[in-house]
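Mature numbering (1 follows the signal peptide of the UniProt record, and there is no 0) puts the sequence shown at residues -24 to -1, 1 to 292.
Notes to accompany the following structure.
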Amino acid sequence: MRRRSMAVLAAVPLLFAAACGSGSGETTGASNSASGGAAEIKVTGEANAKPTVTFPSKVAETSSMKVLTAGTVGPAATVGTNVVANFTVFTWDGKENKISGSTYDEGGPQVIPVNEQIPEVLRKGFAQTKGGGRFVSVVGKDALPAEQQAQVPAGQSQVFVVDVVGVPDAKAAKGEATDPGVEGVKVENPGGDAAPTLTTKTKVKAPKKLVAKTVIKGAGPEVKSGQSILVQYAGKIWGTDVEFDSSWSRGAQPIIFQIGTGKVIKGWDQGLVGVPVGSRVLLSIPPDLGYGKAGSGDKIKGTDTLVFLVDVLAAY
């Protein structure tokens, strides 16, 4: 579905492990203030924009968290929910304090499952911050399992500045389902939070142009170009019924990406802009609006027409 891979910033433990190295990118100034944890880190700039951070000269190697702005939109995230957030990560070494990664450089927020894999200090921040809010967390060695602590260089901690966008509650598109009316494709809609079934085994020739048909029409606002949309989806190859990708098959964990700006294949950009949030949409995408003559991976050839069933859960 994606035109090019994006940094896996949503995988916080993986990012933390990677950030324990030398880091790269922009640097921040260090102040001469007294040493301390999150309470003494200075964060400036508007929420939901890349922050500027000034660090004390002495690194705090113990985890801590401070809510900078509590936020007012929707509920706070709890364990077992997903949270949509932007975040910027720094390697705090008391010298260069380099940025290790930022969603603001990657085209939009990420969806993060709040679970036991997330360091407790970050879970506390999410639990106390609603949409529109910001918190800063120092993630020190104590946040890692004992067997990993020895791998972290002395005199370093990771600092997360997190802007919470929202906590989505929808898991699937809901409402009256209609037949998309595409010969050769069958859609079954069980209702509730259950995954729909997409069948593409057919001898009918695939459409030569993009087809976008609404199966369930949502009641939310229309998706705009440049927004980040949260979706569940299944993707199959026309005629074979081969599933090459599906969020439903990965534990029904939705994904988020920017739409209308070339971050995904053209068929998605053209077929999903303007769709009301809450909709289920069937897309039939010819090769030239998919992965082109090169195809993608072992399953998608350059001549394949791709069929997607997409639930648009939220737009930010």
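Using N, Cα and C, we set each Cβ at its ideal position, and we do this for glycine too.
DSSP has residue i in a bridge; who is on the other side?
i: residue 132; result: Paired residues: none, contrary to the question.
i: residue 164; result: 173
i: residue 209; result: 286
i: residue 42; result: 112
i: residue 89; result: 58
i: residue 204; result: 234
i: residue 138; result: 63 and 111
i: residue 153; result: 192
i: residue 251; result: Partner(s): none; residue 251 has no beta bridge.
i: residue 198; result: 252
i: residue 49; result: 107
i: residue 291; result: 205
Residue range of the alpha helix (DSSP H) that residue i falls in?
i: residue 15; result: First-last for residue 15: undefined, no H or E at that position.
i: residue 256; result: First-last for residue 256: 256 to 261, but that is the beta strand (DSSP E), not the alpha helix (DSSP H).
i: residue 246; result: 242 to 248
Could you please give the first and the last residue of the uninterrupted beta strand (DSSP E) stretch that includes residue i?
i: residue 31; result: Here residue 31 belongs to no beta strand (DSSP E), and DSSP marks it neither H nor E.
i: residue 221; result: 219 to 222
Once DSSP output is grouped into helix, strand and coil, what is the label at residue i?
i: residue -1; result: In this prediction, residue -1 has a pLDDT of 36, which is less than 50 and means its spatial position is unreliable; nothing more can be read from the coordinates.
i: residue 273; result: coil
i: residue -14; result: With a pLDDT of only 41 at residue -14, under the threshold of 50, the placement of this residue in the model should not be trusted, and no figure is reported.
i: residue 65; result: strand
i: residue 126; result: coil
i: residue 189; result: strand
i: residue 77; result: strand
i: residue 97; result: helix
i: residue 182; result: coil
i: residue 239; result: coil
i: residue 265; result: helix
i: residue 119; result: helix
i: residue 280; result: coil
i: residue 214; result: coil
Report back the beta-carbon spacing between residue i and residue j to the nearest angstrom; my notes put them in contact at under 8 Å.
i: residue 213; j: residue 176; result: 7 Å
i: residue 63; j: residue 138; result: 4 Å
i: residue 35; j: residue 58; result: Contact flag wrong, Cβ pair sits at about 32 Å.
i: residue 211; j: residue 222; result: 6 Å
i: residue 253; j: residue 190; result: Not quite, the Cβ-Cβ distance comes to about 13 Å (not below 8 Å), so this is no contact.
i: residue 199; j: residue 291; result: 5 Å
i: residue 209; j: residue 241; result: Residue 209 to residue 241, Cβ: 12 Å. No contact.
i: residue 14; j: residue 112; result: 5 Å
i: residue 67; j: residue 134; result: 6 Å
i: residue 255; j: residue 233; result: Incorrect: roughly 16 Å between the Cβ atoms, too far for contact.
i: residue 44; j: residue 99; result: Between residue 99 and residue 44 the Cβ distance is about 17 Å, and since that is not below 8 Å, they are no contact.
i: residue 144; j: residue 289; result: 6 Å
i: residue 207; j: residue 230; result: 6 Å
i: residue 132; j: residue 186; result: Actually they do not touch by this definition, with Cβ atoms about 49 Å apart.
Could you tell me whether the Cβ of residue i comes closer than 8 Å to any Cβ of chain D?
i: residue 236; result: Of the chains in the structure shown, none is chain D; there is only one protein chain.
Quick check: does the Cβ of residue i come within less than 7 Å of any heavy atom belonging to the ligand FAD?
i: residue 244; result: For the structure depicted, the ligand FAD is absent and the ligand set is empty, with no information on it obtainable.
Exercise. Counting pairs of Cβ atoms below 8 Å between the segment 154 to 163 and the segment 194 to 211, do you hit three or more?
Worked result: Touching, no.
Problem set entry | Segment contact flag, the segment 124 to 143 with the segment 92 to 106, C-beta cutoff 8 Å, min 3 pairs | yes
Problem set entry | Cβ pair count under 8 Å reaching 3, the segment 166 to 176 against the segment 277 to 290 | yes
Exercise. Using 8 Å as the Cβ pair cut-off and three pairs as the minimum, do the segment 115 to 135 and the segment 39 to 48 touch?
Worked result: yes
For this session: Report yes or no: do three or more beta-carbon pairs, one from the segment 63 to 77 and one from the segment 265 to 278, lie closer than 8 Å?
Result: Segments in contact, no.
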